[in-house]
Amino acid sequence: MVSKTSKNMQNLRRKAIEKLGGKCVRCGISDERVLCFDHVNSDGHTERKEVNSAVYHRKLYQQIIAGERDDIQLLCANCNQIKALEKREWEKISNK
Ligand SMILES: [Zn+2]
1129 MVSKTSKNMQ NLRRKAIEKL GGKCVRCGIS DERVLCFDHV NSDGHTERKE VNSAVYHRKL
1189 YQQIIAGERD DIQLLCANCN QIKALEKREW EKISNK
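Just so we're aligned: 1173 in the working numbering is position 45 of the sequence shown, and the numbers increase by one with no gaps anywhere.
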């Protein structure tokens, strides 16, 4: 059973995805089931602790829809993983 709240969240998420162009910025896949919201600067330290809360997501979606977030991009699960791996490689190099 889908509650009204999660239905609203799905709608918000879909609108936020549309607002950001509706596809992965790297490979262009437009299947919203694999798309996720990525911090361009990949830092997110200040927000990370809230990331798993519904309140955080609702606020994030609303800000994106309102055009208030230019630091969020769409990545698919694959590209998100690749970006994380590249970042790790980069940190390995820079720590030498
Ligand atoms: Zn992708």
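Ideal placement from N, C-alpha and C gives every residue a C-beta, glycine not left out.
Whole-angstrom Cβ separation of residue i and residue j, contact assumed at under 8 Å?
i: alanine 1205; j: cysteine 1155; result: The Cβ separation is near 11 Å, so there is no contact.
i: glutamine 1190; j: valine 1168; result: That pair is no contact at about 19 Å.
i: leucine 1203; j: valine 1153; result: 7 Å
Tell me whether the beta-carbon of residue i lies closer than 8 Å to the beta-carbon of residue j.
i: aspartate 1166; j: asparagine 1208; result: yes
Spatial neighbours of residue i within its chain, please: CB distance less than 7 Å, with the 5 preceding and 5 following residues excluded, ordered by chain position.
i: isoleucine 1192; result: Ala1144, Lys1147, Leu1148 and Ile1200
i: lysine 1151; result: Ile1157, Ser1158 and Leu1202
i: lysine 1132; result: none
i: leucine 1213; result: none
Keeping to the same chain, check which residues put their C-beta closer than 6 Å to that of residue i; ignore five residues upstream and five downstream.
i: leucine 1140; result: Tyr1189
Leaving out five residues before and five after residue i in sequence, what residues of the same chain have Cβ atoms less than 8 Å from its Cβ?
i: isoleucine 1210; result: Arg1154
(message) For the structure I just gave you, are there three or more beta carbon pairs, one from the region 1212-1219 and one from the region 1180-1191, closer than 8 Å?
(response) no
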